[in-house]
Amino acid sequence: MAWGPLLREVGWWLGWVGGVGAMVAGAGSGCWRAWARRLLKERAVVELVPSQGFDPSAQDMAPHAARLARASQTAGWAPRRAQGMRLRHGSDGQGQLSLRMEGPAMSAALMRLPSLPNVQVRSRRDRLSHEPVQRITFEGASPLPRPAAAKRVQLTKGGGQEAFAEPEARYMARAELVLARPDHKRLTPAALEPDPLQVLADACAQVDAERGEQAELVVDVVPVASWRVAAWRRRLVRRAEQRGPSAYGESLGSGRRGGGSSLMSALVEGLNGGKPLSSTGGSRPLPRQKDLADGVGKFLPGTDAQVFAVQVLVRVTGTHPARAQTRLHQVMAVMDAWSGENWWRPVGPRRTGWRPYSSVWWRRRSFDRRYDSGEFAPARRQWVTSQEVAALLRPATVHCTAQTVVRTGGTLGPAPRTLPTWTGQPGVVPLGRVTEADGRTRLACLPQAEVLFGASFGKSGFGKSELALLQAITLAYGGFGAWFLDPHGAAIKRALPYLTHPRVIGRVQLIDLSVKKPGSMVAAWNPLSMEGRAAEEIQDVIGAVVAGLAAAQGWGDGAPRARAILSHAVEILAHLAYHMCQRGRPDLQPTLFTIPRLLTDEEWRESVLTQLPLPLKQFWRTTFPKYEGSAVPVVTQTIEQLATSTSLRAFLGQPRSTYDVRKAMDERQIVLLRCSGTGSGDQIITSLLLFDLFRAGHSREGTDPELLATLFAFADELKAIDGAARGYIAAILEQLRKYEVRLMAMTQMAMRLSEETRLALMQNQSLLSAAAADTDEASFLAKRLPGADAMTLTEQPKWHYAVRATLGGRPTATFQVAGVPVHEVLADYHHPERLPDLEKAMDTTLRRRPLRTVLTELDGSHDGRRPSLDDRILAELGRPPVPPTPETSDTTEADPDDDCWPEAGSSEVA
199 MAWGPLLREV GWWLGWVGGV GAMVAGAGSG CWRAWARRLL KERAVVELVP
249 SQGFDPSAQD MAPHAARLAR ASQTAGWAPR RAQGMRLRHG SDGQGQLSLR
299 MEGPAMSAAL MRLPSLPNVQ VRSRRDRLSH EPVQRITFEG ASPLPRPAAA
349 KRVQLTKGGG QEAFAEPEAR YMARAELVLA RPDHKRLTPA ALEPDPLQVL
399 ADACAQVDAE RGEQAELVVD VVPVASWRVA AWRRRLVRRA EQRGPSAYGE
449 SLGSGRRGGG SSLMSALVEG LNGGKPLSST GGSRPLPRQK DLADGVGKFL
499 PGTDAQVFAV QVLVRVTGTH PARAQTRLHQ VMAVMDAWSG ENWWRPVGPR
549 RTGWRPYSSV WWRRRSFDRR YDSGEFAPAR RQWVTSQEVA ALLRPATVHC
599 TAQTVVRTGG TLGPAPRTLP TWTGQPGVVP LGRVTEADGR TRLACLPQAE
649 VLFGASFGKS GFGKSELALL QAITLAYGGF GAWFLDPHGA AIKRALPYLT
699 HPRVIGRVQL IDLSVKKPGS MVAAWNPLSM EGRAAEEIQD VIGAVVAGLA
749 AAQGWGDGAP RARAILSHAV EILAHLAYHM CQRGRPDLQP TLFTIPRLLT
799 DEEWRESVLT QLPLPLKQFW RTTFPKYEGS AVPVVTQTIE QLATSTSLRA
849 FLGQPRSTYD VRKAMDERQI VLLRCSGTGS GDQIITSLLL FDLFRAGHSR
899 EGTDPELLAT LFAFADELKA IDGAARGYIA AILEQLRKYE VRLMAMTQMA
949 MRLSEETRLA LMQNQSLLSA AAADTDEASF LAKRLPGADA MTLTEQPKWH
999 YAVRATLGGR PTATFQVAGV PVHEVLADYH HPERLPDLEK AMDTTLRRRP
1049 LRTVLTELDG SHDGRRPSLD DRILAELGRP PVPPTPETSD TTEADPDDDC
1099 WPEAGSSEVA
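So this is what it looks like as structure tokens:
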């Protein structure tokens, strides 16, 4: 038989099959790697931010390790090199130690679920609030087109081209760490105190992030299946059996020494059928149980610890090679905490003075590919248990005393699933951005029907006013009335460009009491005005004015003489105002500034009293002269303080009111009030306005609740207002809910409020939010926010609030809200170019007049040609009455028999 041709044919077929097999294997390997590269481009990233009190136990770490294993396995049949879960410890760009967790994209939802107590899971951008905010479009109010923008000129250096600062040269130092001994040898678990990450935090503190430096310790883990661990354990047992009894790694008796054998021993065993020869001719000694345990090491049966294959990479970037190498050794020193029976060592050249480790040219490319992409391909196989590397799987604990660790004061629960999403729909009160249980974020809101009263506390500059401004603008576009009292005016100034839309421009009223220029336009409010009122309402005017001025001065139940004098003075002037309206001259009604003239100018008072019915004269003719002279200044000093401000004199010194808070309530107007800048009159006018709000709300009594328009009243800097309110804030909170007046209060510290205001606010609020606060304040608020402790509130970052609301008629658990800037979320409604149109609309709505004109009519001209308002009133009283016209008065005609005067007994003196 000719074997040659047959062998050649068989060889040809074997070569062809082998070639095809190699090609198929190569193509499959290429596709497998391409699939892995595609998966590595889609990685989920979250940040684990520990609280100040983060101190996990071994029982806490076990579920966390199991969560890491499960997250890696969600990739399914994906290549193993793309299944790694990465824990990246390193500097965050601000010299602080942070921990980011990266994993397959399919595990994103699982990664967002918290698995450690007191650790917040969030995206890296959330901490600095850099995540883009969704722009809101209000229903029924489409954004207006913007005018063509002027070409923006970028000022640059040299030749009109933008000059960029050249980045400094960067030098990288790399090191991959592997186990120095076989992986069944145990690492010494790092001690809990001090935290081994303390060294890394200290190293990150020395990183100059502004110059591009960086230091990171990357730990990649992939879970090892239990059957693979069991197979490896059996192999280790067989090795131990072959070695026999041993001590300190050396074989005892005739067994193999040190777990190995000489070439001669191997040959003898082979000739003897695999059985070793002993000097006594007997069989090999059986290993002891201790020998088996030493041979298996940490992979003992019954061990519950999760086993991971691990890859450890360290990369440091510096501005100088020596600086980078020094920082590399600082980061590598972190791993010394695990040294014991086994330890970590770098791969690559390391035994001479030249120690580039993984920066050597034949390792650099593979290292950078794995570092940048997340590929899991360690230099050698190494398995560790979760107990050994627990300190590398979690953020820095409370035992890491470094101040350069990214922390949160505490963790709060996710937002309720039933919390509505804010998309611009009407009838809601926006809250901000919330995080769901699965880590997704959205803009949330509350139904306005659930918000009866609100309270917001926290440090200055942490977003309280911004939140109130956003809520007020949203409610205004939703068709609700808004009354915004801003003592400083900053929030009002920001709000105006957002209120130029045709949907709201006709409802805006601005009461700015800080104006000083003669040409500034001012509105008018005369608390004594009887225009449009009946004679029976005189007693309401007396009660409102006397109570408001008494509250502003803090008289309370005291100062009976001053209260009596003020009551009778207001009574006279209210009757006088009614008389002027009946005569067809509402433009000659007395104002608050007429009170000092009535009390101090006897001639003027007598001229007025001669026109009054006898019952109104009795007090002034019999009782008033008996009062001491010191009683009058107690009354007049309040008015004199108001008179020191030109803006207040213009606002309160006009006979005919254009500002009417009751009308604003009913017509859903948007009232913006700035009361600062008036000097000593700030508190007085604030008190008067708040009492007027309270009185107007109470005047709705008897109206069908279904017909009442809801008004949201916002009071910023409540502490400054509370001192002037004299208890009326508490009264608003306790009594005005049934009249559809809802107060939203903002202040820095609840503990600085008066007791009655604080108690009423805490009792009646249905929306409570707290930004960062001092420890004492935080302790007070934490009692009202279940699930939030004082440390959680103290350490909140800016623009974040702990919120508890009412939803579905029941209070929610406390959850965290991230504030959204008005200029981002409502950017489509910002039209500063339309502010002149808004000013014209407010001039029409409020019938505003120039300040100089108003003061001239009140005080008279300097040349004496135009008399003052008080003198014109006297002149009018000396003329025969003129029948009223529809243009001058809306009141019903008085009985001609009473000479236009109401009955003296129709009013009640307070």
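Add 198 to a position in the sequence shown, counting from 1, and you land on the number used in the working numbering. For each residue, glycine too, the CB sits at the ideal point set by N, CA and C. The model shown is predicted, which means the values in this text are computed figures rather than measured ones.
Answer yes or no: do Leu314 and His382 have a C-beta to C-beta separation smaller than 9 Å? no
Is it true that the CB of Arg640 sits closer than 9 Å to the CB of Pro254? no
Which runs of the alpha helix (DSSP H) fall wholly inside the region 739–826 and span at least 4 residues, in chain order? For the region 739–826, whole alpha helix (DSSP H) runs of length 4 or above, ordered along the chain, are 758–780, 792–798, 800–807, 812–816.
Using only CA atoms, which one of Leu667, Gly493, Val582, Ala371 lies nearest to Gln528? Ala371
I need the DSSP call for Phe682, collapsed to helix, strand or coil. strand
Backbone secondary structure at Pro1111 - three-state DSSP: Outside the shown range of the chain, which is 199 to 1108, sits residue 1111, and nothing can be said about it.
If you draw a straight line from the alpha carbon of Thr1043 to that of Thr856, how long is it in whole angstroms? 8 Å
Could you tell me the alpha carbon to alpha carbon distance between Gly202 and Val208, rounded to whole angstroms? In this structure, the CA atom of Gly202 is about 10 Å from the CA atom of Val208.
Excluding sequence positions up to five away, which residues of its chain have a Cβ less than 7 Å from the Cβ of Leu931? Phe651, Leu941, Ala958, Leu959, Asn962
Decide yes or no for the touch test of the region 1055–1068 against the region 782–799: beta carbon pairs closer than 8 Å, at least 3 of them. Three or more pairs of CB atoms, one per stretch, sit closer than 8 Å, so the region 1055–1068 contacts the region 782–799.
Three-state secondary structure (DSSP) of Ile868: Ile868 sits in a strand when the DSSP states are folded into three classes.
Measuring straight from C-alpha to C-alpha, what distance separates Ala394 and Arg368? The question names Ala, but residue 394 is Pro in the sequence shown. Cα to Cα, the separation comes out at about 28 Å.
Using the C-alpha atoms, what's the distance from Gln292 back to Phe362? Because the pLDDT of Phe362 is 39, which lies under 50, any placement of that residue in the model is unreliable, and the question is left without a value.
Apart from the five residues just before and just after Pro312, which ones in its own chain have a Cβ nearer than 8 Å to its Cβ? Same-chain partners within the cutoff: Gln318, Val319, Thr609.
How many Å lie between Arg454 and Ala438 at the Cα? Reliability of the predicted coordinates at Arg454 is poor, the pLDDT of 45 falling under 50, and the value obtained from them is presented with this limitation in mind. Their backbone Cα atoms lie some 10 Å apart in a straight line.
Alpha carbon to alpha carbon, what distance is there between Ala413 and Ala401? 8 Å
Quick check: Met304 and Val419, are their CB atoms within less than 9 Å of each other? Between Met304 and Val419, the gap from beta carbon to beta carbon reaches 9 Å or more.
Going by beta-carbon coordinates alone, are Leu617 and Val1018 separated by less than 9 Å? No, the pair does not count as a contact, with Cβ atoms beyond the cut-off.
For the 8 Å Cβ check, are there 3 or more pairs between the region 888–897 and the region 699–719? Judged by Cβ distances under 8 Å, the region 888–897 makes no contact with the region 699–719, as fewer than three pairs qualify.
Would you list, in sequence order, the uninterrupted alpha helix (DSSP H) runs of no fewer than 4 residues that lie entirely inside the region 515–587? 519–530, 559–571
Let me check one thing: in DSSP terms, what residues is Met944 bridge-paired to? Ser654
So is Met533 buried or exposed if we call it buried at 16+ other beta carbons inside 10 Å? Counting other Cβ atoms within 10 Å of its Cβ, Met533 reaches 16 or more and is therefore classed as buried.
Could you compute how far the alpha carbon of Thr698 sits from the alpha carbon of His1021? 15 Å
How big is the Cα-Cα spacing for Arg525 and Trp560? Cα to Cα, Arg525 sits roughly 22 Å from Trp560.
Cut-off 8 Å between Cβ atoms - residues of its own chain near Glu1085, not counting five sequence neighbours on either side: Note that Glu1085 has pLDDT 45, beneath the 50 cutoff, so the model's placement of it is unreliable and the number below is only indicative. Closer than 8 Å at the Cβ level, and outside the excluded window around Glu1085, lies no residue.
Reduced DSSP secondary structure (H/G/I, E/B, other) of His287: If DSSP states are grouped into helix, strand and coil, His287 belongs with the strands.
Between Val417 and Lys996, what straight-line distance do the alpha-carbon atoms span, to the nearest angstrom? 31 Å
Going by DSSP, which residues form a beta bridge with Ser967? Answer is Ser654, Val1001, bridged to Ser967.
Given this structure, state the Cα-to-Cα distance separating Glu838 from Ile883, to the nearest angstrom. 12 Å
Residue range of the alpha helix (DSSP H) that includes Ser855: Note, Ser855: premise wrong, no alpha helix (DSSP H); not H, not E.
Alpha-carbon spacing of Arg344 relative to Thr908, whole angstroms: 32 Å
Going by Cα to Cα distance, which pick from Ser952, Ala1003, Val939 is closest to Asp920? Ser952
Count the other CB atoms within 10 Å of the CB of Arg1032; is the residue buried (16 or more) or exposed (fewer)? buried
Nearest by alpha-carbon distance to His777: which of Pro794, Pro811, Asp799 is it? Pro811
Would you call the region 707–727 in contact with the region 891–907, where contact means no fewer than 3 C-beta pairs closer than 8 Å? no
Can you tell me which of the three DSSP states Met719 falls into? Residue state for Met719 is assigned as strand, using DSSP reduced to three classes.
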